[in-house]
Amino acid sequence: MNYQGKWALVTGASAGIGEAFADALAAKGANLVLTARREDRLNRLAANLAAKTGVRAIAIAADLADPRAPEAIGLAVAAAGARVDILINNAGYGLPGRFEQSDWSAHRAFIEVMVTSCARLICDFLPGMQERGFGRIINVASLAGLIPGSAGHTMYGASKAFLISFSQSLAAENSGTGVHVSALCPGFTYSEFHDVNKTRELVSRLPNFMFMKAEPVVLGALAAVERRHVVYVPGLFNKSVAFLMNALPRPVAAAAVASQSRRVRLATSG
Ligand SMILES: NC(=O)c1ccc[n+]([C@@H]2O[C@H](COP(=O)([O-])OP(=O)(O)OC[C@H]3O[C@@H](n4cnc5c(N)ncnc54)[C@H](OP(=O)(O)O)[C@@H]3O)[C@@H](O)[C@H]2O)c1
Numbered sequence: 003m004n005y006q007g008k009w010a011l012v013t014g015a016s017a018g019i020g021e022a023f024a025d026a027l028a029a030k031g032a033n034l035v036l037t038a039r040r041e042d043r044l045n046r047l048a049a050n051l052a053a054k055t056g057v058r059a060i061a062i063a064a065d066l067a068d069p070r071a072p073e074a075i076g077l078a079v080a081a082a083g084a085r086v087d088i089l090i091n092n093a094g095y096g097l098p099g100r101f102e103q104s105d106w107s108a109h110r111a112f113i114e115v116m117v118t119s120c121a122r123l124i125c126d127f128l129p130g131m132q133e134r135g136f137g138r139i140i141n142v143a144s145l146a147g148l149i150p151g152s153a154g155h156t157m158y159g160a161s162k163a164f165l166i167s168f169s170q171s172l173a174a175e176n177s178g179t180g181v182h183v184s185a186l187c188p189g190f191t192y193s194e195f196h197d198v199n200k201t202r203e204l205v206s207r208l209p210n211f212m213f214m215k216a217e218p219v220v221l222g223a224l225a226a227v228e229r230r231h232v233v234y235v236p237g238l239f240n241k242s243v244a245f246l247m248n249a250l251p252r253p254v255a256a257a258a259v260a261s262q263s264r265r266v267r268l269a270t271s272g
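Using the numbering used here, read the sequence shown as starting at 3 and increasing by one per residue.
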């Protein structure tokens, strides 16, 4: 797909999967609106991609934990004479520990970033896509949203399950409108994610075949949304896990996830 002249908004563009989306979209000719909290990184990325590919690239620093952020992003997009044809809801992080180990302000911020801001940005930009008869929305969920919940990182899987189900409903509602919606469900992906949630040392003991680089994850997702593939799991290993979790009786799948979570998720509590 050639995105020449289209505008793409990528949240969480300052690192990892979001930065890879920015790269791939610029290479396909899309103009960029890049957002995250670290403005220096966004400015550098916007300047580099504009110089490399000739697209227009705008950086908007925003903290999506602030409920006013999506509206501010919308105003900044309009002020720059841009629009949003492609929305990549990607910003995210993990909150380690058991539920009661974080206070409500941490949980509220988590829900705002992982769930509310995604829905709000779609609410604000979907009507324009429908009017123009073209739109692409990729909600970056996770394999964690496709498997049973487990102890530790309590709301992470729930927030991703929300994005998957929400994407399925939006895709059904927008069938035939020119707006395609996908949920991207990566497994372990090289990025800053495990440094931010302080699981780097632990996950570095996992075998390499369990990890993917961000670039193939993103290229697969961009191809999937064009094919109207609504729930996209990148990579053979992740696909096998998703298939198994779906095929196994629910209690067996839950027991397998619980044993893994004791080793990885709860080990990072506190
Ligand atoms: N890496 C994995 O193994 C993996 C697996 C499955 C799913 N995912 C999902 O993939 C998405 C991207 O993660 P990643 O792996 O690329 O992690 P990453 O390298 O840590 O990047 C996360 C991005 O989210 C932004 N972000 C975090 N909190 C934010 C906030 N309050 N407001 C605005 N932006 C915020 C960060 O920017 P600033 O810090 O500059 O704000 C950064 O650009 C997430 O939704 C994650 O849940 C990752």
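For glycine and all other residues, C-beta sits at the position ideal for the given N, C-alpha and C.
Residue i, buried or exposed, once every other Cβ within 10 Å from all chains shown has been counted against 16
| i | result |
| --- | --- |
| residue 38 | buried |
| residue 106 | exposed |
| residue 242 | exposed |
| residue 178 | exposed |
| residue 92 | buried |
Distance between residue j and residue i (C-alpha atoms, nearest Å)
| i | j | result |
| --- | --- | --- |
| residue 163 | residue 114 | 15 Å |
| residue 169 | residue 42 | 32 Å |
| residue 139 | residue 94 | 16 Å |
| residue 258 | residue 209 | 18 Å |
| residue 80 | residue 130 | 12 Å |
| residue 66 | residue 264 | 30 Å |
| residue 307 | residue 100 | Residue 307 lies beyond the residue range present for the chain, which begins at 3 and ends at 272; the question has no answer from this structure. |
| residue 227 | residue 137 | 10 Å |
Of the residues the options, the one placed nearest residue i, counting alpha carbons only
| i | options | result |
| --- | --- | --- |
| residue 211 | 80, 192, 47, 197 | 192 |
| residue 9 | 31, 120, 198 | 31 |
| residue 35 | 90, 66, 17 | 90 |
| residue 73 | 118, 228, 225 | 118 |
| residue 62 | 244, 46, 225, 56 | 46 |
| residue 244 | 165, 144, 194 | 144 |
| residue 108 | 25, 157, 195 | 157 |
| residue 147 | 59, 173, 226, 189 | 189 |
Kindly confirm or deny that the region 174 to 186 and the region 226 to 234 touch, where touching means at least three C-beta pairs closer than 8 Å. Because the criterion of three Cβ pairs below 8 Å is met, the region 174 to 186 and the region 226 to 234 touch.
Within 8 Å, do at least three Cβ pairs link the region 211 to 230 to the region 246 to 262? The region 246 to 262 vs the region 211 to 230: no contact.
Please give the ranges of any beta strand (DSSP E) in the region 116 to 152, keeping only runs that are unbroken, at least 3 residues long and fully inside the region. Segments of the beta strand (DSSP E) lying fully in the region 116 to 152: 137 to 142.
Of all the beta strand (DSSP E) runs that stay within the bounds of the region 15 to 81, which reach a length of 3 or more residues? Restricting attention to beta strand (DSSP E) runs no shorter than 3 residues, the region 15 to 81 encloses them at 33 to 38, 59 to 63, ordered along the chain.
Beta strand (DSSP E) segments (min. 3 residues) lying fully within the region 197 to 235: Fully enclosed beta strand (DSSP E) runs of no fewer than 3 residues are not present anywhere in the region 197 to 235.
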